[in-house]
Structure formats: C-alpha cells, structure tokens
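Remarks on the structure that follows.
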Amino acid sequence: MKIPIELIRIVVALVAVMAWVGLNALLLVYCERKYAGHIQRRPGPFEVGPHGIIQPLIDGLKLMAKQLLMPDGADAILFWLAPILSMIPVLLLFLCIPYSPLLTGWEVNLGLLLILAFAGLNVLALLLAGWGSNNKWGLLGAARAVSQSVAYEIPLLLAVLAIAFQTGTLNLTEIVNGQGSWPWQWNIIVQPLAFLIYFTSILGETNRAPFDLPEAESELTAGFHTEYSSMGFGLFFMAEYANMVVVCSVATVLFLGGWKGPFFDGWWWFLAKTYVLLFVMIWLRWTYPRVRFDQLLNINWKWLLPLAVANLLGTAFLMKVFA
Amino acid sequence: MTRYPNMEQVTGDFYTQNFEKGAREGSLILNMGPQHPSTHGVLRIILELDGEYILRCDPVLGYLHRMHEKMGESKTYRGFIPNMGRVDYGCPLPWNWAFVGAVEKLAGIEVPERAEYIRVITTEMNRITSHLLWWGAYILDLGAFTPIMYAFDEREWLLDLLQTPTGSRLTYSSFRVGGVGHDIDDKFIEGLKAFIPYFRSRLPMYKDLVTDNIILRKRVEDIGPMPLDMCRRYGATGPVIRGSGLAYDIRRAEPYGIYDRFDFEIPTQDTCCCMGRYKVRLAEFEQSLRILEQAVDQIPDGPIIMDKAPKPSWKPPKGEVYFAVEGARGKTSVYLVSDGTKSPYRVKLRAPGFSNLSLFAEAAQGTLLADAVAILGSLDLIIPEIDR
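Top line first, the protein sequences correspond to chains A and B.
For what it's worth, the working numbering labels the leading residue of the first sequence as 1, then goes sequentially.
For what it's worth, the working numbering labels the leading residue of the second sequence as 1001, then goes sequentially.
Written out as structure tokens, the structure is:
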C-alpha cells in the first residue's frame, strides 16, 4: 500500500506544530511575565537561569509533578475530556497557517473557514470543564464563556468576511499573496474598521483581559478551571496561549501582509508581526480593569455587530461599484 | 461514585441551611468565601443567585475572631496596647490612639506637646498607607493588576519611614498612655518632607490612568447606591458616609488631640455610589498630606511621654469612659469601664468596618456578582477588625 505524500506531510506538520505550540507557550509565558513585571516596576522572574529564562520550563515541570485531582461528584468523562478537547482543535488550527510560502503545514482552499470552524470548538471545552467539575464557580464561568464566545464569534466572522469579499478567496496563502510588501499595501489600510473589530473580538474569543470574564479570579475564583490541577490546568493554559498565537497569526495573514514585509519577505516578518500583536494583548491585560458581563455583551451587540455589518455591506457595495 | 454516601443529606453548615430556607425556586445558593480572592481575608458571604443577579446575600462573620475584648479584661492597661495593633492591620495607629486616648481621658492625663504631634504625624501617615492599600486592592478586585504595585511603591516608602517611630512595619503598637514610645528624628522628618511633594506629583497620574479610565468608571459609577438615610440606619462612618454627602469626620465632629490646630478640609461626594467613596478616599490623600505638612512645620521640641508614665502595675481611677478617633475606615472608638484594678473591667471596641459591612447585604441586593465585588471593595473592609 502506498502512503499518500499529502498524509505524510500533514503528520510531519502536526508533529512540528505540537513542538511549536509547546515552545510558543513557554516563550509567551516568559514574555508575558517579564513584560508584566516591567509594566509593574519589578524585574519579573529573575531567579531560575539568567534573567529567569528557564522559569517557564521549571513551572511546566512543577505542573507535571502535581497530583491530578478530580472533585467528588464530578463527571469523570467530561472532566478529563475538556482539557484535551481544548488543546486538539488548536493544533489543527496551526496546520493551515502560512508562515511563509514554504512553511505552510497544509495549504487548503478553505483555510480560513477551517480555522474559524475549529476555533469555535474551544468554547465546548470550556463548557464541559465548567459543567463536568461539579463546581458552582466553574458553572458560572462556563456559562459566561459560552455566551461570550458565541457573541464575539459573530462580529469576528463578519470582519473576516469583509476581507474574504475583498480578496475573493478563503485560501490564506492567496490572501497574503494579494497584499504587497510595504505597510500601505496591506489590507489594514483598506479595512481599518474590520481590523479593529477583529482585534476587539479576539480579546473576547480568547478570554483575555479586559474580557477575561470566564476566569475572572476576583469574581469567580478561577472560573471554569477552578477544579483543575496539574496538567489538566496546564492544558487549558497552553490552549489559551496557543489560541492567542493562532488569532494573532490570522490577523497577521488577513490584515498585516503575512510573511511579506519591507526588503526581505520571509517567516521572520510573520513572527515579528504576530508577536507585536501578542504584546498588545499582553499590554492590555496588565493595564485595564475587567468589564462587567452585561457591558461586555453590550459592547458586542450594540457596537461591534452593527459596525461589522455596516463594514461588510460597505465593502460589498464598493466591490460592486468598482469591480 | 461518591465516597461519602450521606453527602446528599448533609450539605452546608448551620448558616447555609438557615439561608436555604428562604430560597426561591430555581435559584443558586453560592458560598463566597471564606477563601475567596476578593473578600480580602476570611469574610464569608452566602449568596442566592438568579443567573448572575443577586437575590439575597448574607455575610457570615467570625472566622478571624480573636477575643480582643475578652483579652482586654485580663491584661494590664499597658499590656493591652499590642492588641490594638492587631485589631486592624491596615490602619493600627488610630486604634492605638483610641485606646490610650480612652485611658488618658479616664485618668485625666495630659500628653506632652511633642507626643501629640508625633501621634498626628504617624496616624496621618498610617491613614495614607491604609488608603493606598485599599486603592490597590480595590482596583485589583475590579480586575486590573498593575495599580497595586504602584500603590505599594509609595506605601513602602511610608512604611520604611514609620519603622523609626513605631518599631514595626505592620502591627504598630507604639503609642503609650501619656505619650508615644519612640521619638522621631531629623532623618524621619527629611524623608517625610521628600515624600510629600513626590506623592503629590503622583496623584494626577493616578487620576489620569485609573480614575478617569472608562472601564473603571463604568464599573463603579452609580453602582451600590447608599443614600444618607441608609448609611445612618446602619451606623456607617468614615469614607462611606462622606461618600454619601455628609461631612462627618471625628477629627471635626469630636475634636481630639491637636486636630483643631490644623487647616484641612473634609472631602465629601454626594453621588452615594462606589465612585463617591472612591473619590473621597483619593481626596483624603491630599488632606492628610496637608496635615502632615503643617505638623512637620510646627512640631516643637520637648519630652515625648509624660513624667512617671503608667507602669504595668498602674491602676486608673474607677469609672467609665468613651473615646472616639477617626480611623481610615471611620469612627474607631473604645468604651472602657474601670473598676480601679490593674486591668480594665470591660473594653468595648467599636469597629467601623463592622457597621460598614452591614450595609452590604442591602446595597448588593439585585446587583450582578461583579457589582457585589465592587461594592464590597468600596466599603474598605478589614476582616480582623470586623471580627475583633
């Protein structure tokens, strides 16, 4: 039997993606803690390794060494399924992100659709975690996670759809190829409103402050992952960071020209742009207070959604007129 | 499979079972605390929730009860002062003052001039540290992590200064009957003089970055209304009642020590909401700085404690006395009954936090869970003070 070459490519890419996700989580945890430290006038991690560089690795080891606990009365299947379910879709998402023309795990014509579809699975994991752990705080966190993710997915889709309209494709590589090397040739210049809507929505989608209500620790102790210890928590944590990287990568592809940049095109431009967006997310988290839940939904239904619809209709109209 | 077969029959303790009796159909009973991040210690609140709306709530106290009042009955007058440093760890010096003030009033003791000034200076510094602690922790409750680090930067400066005249950083017990325990030196005065303009220059930054932030304003404005009559009903004092528009400050209403010599204002806000209480506390920074400036300029030389200050075996005259001071959280007062022996017959500590907490259940009714956290924080509760 002959193994199809495409399958081998996907398996290799998946393994690479797993390594990349792990590495990225370590790097991002370190960056976030260091960055937060400097925002708060302290050095951040400093003890383990030079400038605390091994700290996330040691933290990961510590997490693995912890006991896996399941509370009494919890639904064992759902409880253990949830962290795994939060991690697996994220790995698939990485598969179709084009880091450069060569560094694309799996070039699919419906790459954008695939990403948006699998990104929606994350909320199921949060719901199962909150419901399965038989904890009232967890339940409240899960309820928040669901209504927040469902609400913020809509403006996100509409914002992305405007780009799809404009470029006429759902293939991520082609979307990048449609943009030029210089910043004024990127989609963000044509679609600034879509970018703003997209960026606000991804904060809600990935549960990052100021929209981190599902895990708001001053209200819900830890929200949906209250009862998780050890790598159960670790997986949620990694999935959150991986999700952040995915949504920022997609933003880079859609709005910031992907791997294209001044002078030398290549994956370095992709990483640089993604990390700039990630830093903005971290910066927001360590600066702003948390919004209240009704305000969160009001922002979405009263502002983001009408704006996104208007943006989409405007794009469609202009496409029709000038095309 | 549950490991406890009888778990269904025994759920919750006495308080929960009692609370559940009045529960509505389909509501969720939630136990918030005693180990909850935003109850700041071991306060426990039982909530009845409909979705995230609070139908009913009930604070449960007593997780940090240390019998300070009972201990007072077995300790000497001098030996009880360290207890006063532990009633309210956020702002212990007013408690020190309330107790020694009561004893001085009972025995008719005159305090030397310099000691009075040292008392004013250290107490006002303590008020600033307490408000800074509250400010950082309150913003933390609302979900912003960074301001507490900035608040602690200034708080640290003051704590370093306060080490000299009090000998400790947290549980101060430096006041003595008839004066204070330690003198302040030139280094202390210099440090304080450097701190005042520095802190003043930071306040506009806090206003721009935190107070005027749109998310914060939406979270605290018009949340947790406590009209004046409600404050009066529950006996609220301090920034809580001043945030409801009444300029009630013991430093003016029942002047003690040398507070009548200083020129300062009593900031009030009549919005009655969390923002009102927030702004009152922030305005009190400025007033405390003004008092500090004047006190540092006026402080005379002289003894810091009266001649023949009470020894442990000292016996005051018989009688009862009541003495109140303005703490960071409100009216801090001591009612003392002496039967002429070495230790008090009865010490009653009136903690402002206890009265302020009792407003919570009414104010939080019908609000969201996140609002309840904001209201609880705006009352500036220190749990050891509530339980005593």
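Ideal Cβ positions, reconstructed from N, Cα and C, are used throughout, including at glycine.
Counting along the chain, B:Glu1293 sits inside the alpha helix (DSSP H) bounded by residues Cys1274 to Gln1298. Around B:Thr1146, the beta-carbon contacts reaching into chain A at under 7 Å are Ile39, Gln40, Trp286 and Thr287. A:Phe270 sits in a helix when the DSSP states are folded into three classes.
Closest option to B:Ile1081, judged by alpha-carbon separation, among B:Leu1368, B:Pro1344 and B:Phe1360: B:Pro1344. Under the Cβ distance rule, A:Asp294 counts among the residues neighbouring chain B, one pair being separated by less than 8 Å. Two segments are said to touch when three or more pairs of C-beta atoms, one from each, lie closer than 8 Å; by this definition the stretch 41-50 of chain A does not touch the stretch 5-14 of chain A. For B:Met1032, the three-state secondary structure derived from DSSP is strand. A:Ala36 and B:Thr1237 have their C-alpha atoms roughly 37 Å apart.
For B:Asn1213, a Cβ of chain A is located within less than 8 Å of the residue's own Cβ.
Between the stretch 1321-1338 of chain B and the stretch 1287-1301 of chain B there are fewer than three C-beta pairs closer than 8 Å, too few to call the two in contact.
Rounded to the nearest angstrom, the Cβ distance from A:Arg144 to A:Pro214 is 5 Å, consistent with a contact under 8 Å.
Not a single CB atom of chain B sits nearer than 8 Å to the CB of A:Arg33. Residue state for A:Thr200 is assigned as helix, using DSSP reduced to three classes. DSSP places B:Cys1057 in the uninterrupted beta strand (DSSP E) bounded by Tyr1053 to Val1060. With a threshold of 16 other beta carbon atoms within 10 Å, B:Gly1072 meets it and is buried. Pairing B:His1068 with B:Met1125, the inter-Cα distance amounts to about 25 Å. DSSP places B:Phe1323 in the uninterrupted beta strand (DSSP E) bounded by Gly1319 to Glu1326. Short of 7 Å from the beta carbon of A:Ala194, and not among the five residues preceding or following it, lie these beta carbons of its own chain, in chain order: Ala159, Ala162, Ile163 and Asn311. Residue nearest to A:Arg41 within the set B:His1182, B:Arg1056 and B:Asp1153 is B:Asp1153 (criterion: CA-CA distance). When DSSP reads this structure, B:Asp1050 sits in a beta bridge with B:Tyr1053.
Sequence-distant partners of B:Leu1161 (beyond 5 residues in either direction) whose C-beta falls short of 8 Å from its own C-beta, in its chain, are Met1125, Phe1188, Gly1191, Leu1192 and Phe1195. Proximity of A:Leu23 to chain B, defined by a Cβ-Cβ separation below 8 Å, is not satisfied. The shortest CA-to-CA distance from B:Glu1293 to any of B:Phe1199, B:Asp1222, B:Arg1219 and B:Arg1217 is the one to B:Phe1199. Distance between B:Ile1386 and B:Leu1349, taken at the CA atoms: about 10 Å. Here the alpha carbons of A:Ser249 and A:Gly60 stand approximately 24 Å from one another. B:Lys1331 is classed as buried because its beta carbon has at least 16 other beta carbons within 10 Å across all chains shown.
Annotation for A:Gly261: Ser181 and Trp269 place their beta carbon closer than 7 Å to its own, counting only its chain and skipping 5 residues before and after. Interface annotation, A:Ala216: in contact with chain B, CB-CB separation under 8 Å.
Between the alpha carbons of B:Gly1167 and B:Pro1267 lies a distance of about 32 Å. Counting only Cβ-Cβ distances below 8 Å, B:Ser1038 has contacts in chain A at Ser218 and Glu219, in chain order. Per DSSP, the continuous beta strand (DSSP E) segment holding B:Tyr1335 begins and ends at Lys1331 to Ser1338. For A:Leu128, there is no enclosing beta strand (DSSP E); the residue is found in the alpha helix (DSSP H) stretching over Leu121 to Gly132. The C-alpha of A:Phe211 lies about 9 Å from the C-alpha of A:Gln148.
The beta carbon of B:Ala1370 sits closer than 8 Å to some beta carbon of chain A. For the options B:Gly1178, B:Ile1118, B:Ala1372 and B:Gln1365, the alpha carbon positioned closest to that of B:Pro1165 is the one of B:Ile1118. Residue B:Arg1346 holds the alpha-carbon nearest to the alpha-carbon of B:Tyr1077 among B:Leu1369, B:Asp1013, B:Arg1346 and B:His1065.
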